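For the sequence shown, position 145 matches number 145 in the UniProt record's numbering, and the numbering has no gaps at all. Beta carbons are placed, not taken as given, at the ideal position from N, Cα and C, and that holds for glycine. All of these numbers come straight from a predicted model, not from anything done at the bench.
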Amino acid sequence: MSGDIRELRSITELSFEIRSSRTLNENISLKEEVSHLNEKIKNQSCLISDMDTKLKELNNERSSLLTVIRVLQVENQNFPHYQRQQQMANLHANINHPPQSQQSQHVAPSAHINQTEWNYAYDNTLDQRLIYQTEQQQRHHQNSYNETHQSQQQSYQPKPQQKQQLLPQHIYQRQHLVAHLHDNTHHPPQSQYVGPLVQPQINQEINERNHAYSNTFDHQPRPQWEQAEQQYISNNNDTHQLQKQSHQPHHDQQQPPQQKQDHQLRPYNDTSLPKQHHHHPKKHAGEDLTIILGDSLTRGINTRNIRRSTSKNVIIRTFPVATVKDMVDYIKPSLRLQPAHIIIHVGTNDLKSSEVKTLTENISKLCDEIYNFDPKIDITLSQIITRTDSPGINEKVAQLNNLLKGLCEARKLGIISHENIDERGLDRFGLHLNRSGSGIMARNLINCIQHL
């Protein structure tokens with residue numbers, strides 16, 4: 001009996017040991033699975049936060065596009081196309097068929113179009129253009145013309161023959177109107193063409209009108225507003241010539257004198273007036289361009305704030321969950337922009353899976369890829385930021401930062417230190433930066449870019 005009891009005890013002890021070993025193994029496997037799941041949850045949370053920021057940016061772009069579309073709709077409603085065509089037709093009718101009630105009066109400029117803000121004009125090339133004038137300018141011209149007209153009625157009285165003719169409206173030069181009427185004699189509009197029998201009467205009427213226009217322009221005293229306008233044109237041409245002498249290149253100095261004289265006769269509001277192009281030396285495509293390439297830790301940095309603080313052209317491109325090997329492929333589109341400076345912040349996602357020495361070697365190979373594309377690019381490496389997401393990770397961070405410092409000294413690269421960012425600059429997961437941490441990192445980047 002005692003032997004059987006001993007055997008039973010030994011059997012129960014063995015079964016208990018087997019069960020305990022199984023439970024221990026199961027606990028270890030469950031802990032490993034839980035750790036893997038926690039890492040996946042953190043990565044997914046990072047991706048979700050990145051998608052949220054991208055969604056906010058897209059919403060902002062959408063709102064800005066909607067405002068632009070509304071502004072364009074308002075502008076199209078204020079200046080519809082059919083009103084412009086109708087105004088041109090009315091002006092043609094007023095010039096070719098004047099009303100009888102206005103033939104014996106001096107009509108002030110802009111009298112036929114006082115309800116709109118569009119004025120019709122002819123330029124030196126006989127092209128018909130629409131010149132925009134504000135209501136304030138029209139009122140100023142109307143008031144000045146009325147004042148001068150009342151003062152000149154006593155000193156000037158037109159001849160009886162001239163009272164029966166219509167003064168031309170909104171035409172800056174007489175020769176343009178004569179040429180326009182000459183074209184109408186050879187190519188009359190469809191509304192005026194009544195047949196070959198009446199054509200000589202039309203020609204005679206147009207010739208009489210041309211003669212009346214020439215007499216009117218030769219004998220009528222010019223009002224004060226027109227004299228002031230011509231004085232402004234002459235002053236504007238003088239300043240234009242001075243600017244042309246100071247900024248004109250050598251090949252423009254051999255321009256024929258006839259072209260220069262025609263250029264001075266153009267009115268100041270002529271849209272065919274050539275614009276002055278100041279010749280500056282061409283710059284390199286990526287001159288003074290700085291590109292910041294980083295992982296998800298750079299997503300909280302605002303590009304506009306860095307541009308305002310540094311007054312330089314800066315581009316920030318963030319690649320979440322990117323390793324050093326991934327950055328070799330991500331960097332190629334940025335290299336096509338031919339930047340002058342590149343700042344790289346990478347290595348955060350490689351610390352857990354890679355050794356420190358292999359990680360520094362991969363970063364050195366990344367620099368080689370940049371130099372193979374363009375050896376003139378200045379490279380600056382950003383050190384790894386402290387983190388508290390896993391125990392013992394800060395030791396690897398310190399080792400990697402020391403190796404990066406030695407690499408930059410050996411290869412004469414720039415380096416950015418983030419020792420002023422501590423645990424208070426991290427989020428609740430201990431990996432990414434919060435708002436204050438992103439602000440400190442942005443300050444460190446600004447200090448580096450200002451000295452580039």
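Status (buried if at least 16 other CB within 10 Å, exposed otherwise) for residue i
i, result
"M441", "buried"
"H451", "exposed"
"residue 454", "This structure gives no information on residue 454, because the portion of the chain shown stretches from 1 to 452."
"T67", "exposed"
"P339", "buried"
"R299", "buried"
"D368", "exposed"
"L30", "exposed"
"L400", "buried"
"V34", "exposed"
"T12", "exposed"
"G425", "buried"
"R387", "buried"
"R9", "exposed"
"I18", "exposed"
"V74", "exposed"
"I370", "buried"
"V356", "buried"
"L47", "exposed"
"E7", "exposed"
"L14", "exposed"
"L297", "buried"
"S354", "buried"
"L24", "exposed"
"L58", "exposed"
"L433", "buried"
"L404", "buried"
Residue i versus the options, residue with shortest Cα-Cα distance
i, options, result
"S382", "R19, I291, E395", "I291"
"L431", "K54, T348, I301", "T348"
"K396", "K352, D50, K412", "K352"
"M327", "T23, R6, I344", "I344"
"I449", "L403, T380, S63, L24", "T380"
"residue 454", "H36, I370, I385, K40", "The chain is shown only over 1 to 452; residue 454 falls outside these bounds and no answer can be derived."
"D288", "K312, L297, T303, R304", "K312"
"S390", "G3, S63, K332, R428", "R428"
"K332", "S436, A410, N372, K42", "N372"
Nonlocal neighbours in the same chain, by C-beta distance under 8 Å from residue i, ignoring five residues either side
i, result
"Y330", "L293, R317, F319, A322"
"I446", "I306, S309, T310"
"I301", "I292, I316, S438, M441, A442, L445"
"S334", "I291, L293, I315, R317, I342"
"L242", "Caution is warranted here: a pLDDT of 49 is assigned to L242, below 50, making its placement in the model unreliable, and no coordinate value can be reported."
"T303", "V314, I315, I316"
"N43", "V321"
"I5", "none"
"L407", "T360, I363, S364, L381, L413"
"K56", "none"
Neighbourhood of residue i by C-beta distance below 7 Å, restricted to the same chain and skipping five residues each side
i, result
"V324", "V346, G347, D350, L359, N362, I363, L366"
"I393", "L351, R387"
"D50", "S296, R299, P320"
"A410", "none"
Cβ neighbours of residue i in the same chain (closer than 6 Å, five flanking residues each side left out)
i, result
"S45", "none"
"Q102", "Bear in mind that a pLDDT of 44 at Q102, under 50, signals an unreliable position, so the number given afterwards is only what the model happens to contain. Closer than 6 Å at the Cβ level, and outside the excluded window around Q102, lies no residue."
"G414", "T380"
"A2", "Sequence check: residue 2 is Ser here, not Ala. Contacts found: none."
- Task: At 4 residues or longer, and completely inside the segment 350-376: list those alpha helix (DSSP H) runs for me, N to C.
- Result: 356-373
- Inter-stretch contact (C-beta, 8 Å, three-pair minimum) for the segment 412-425 and the segment 369-377: no
- Message: Restricting to runs no shorter than 3 residues, where is the beta strand (DSSP E) found entirely within the segment 306-336?
- Response: 313-318
- Task: With a floor of 4 residues, list each alpha helix (DSSP H) that falls wholly inside the segment 390-426, ordered by position along the chain.
- Result: 393-411
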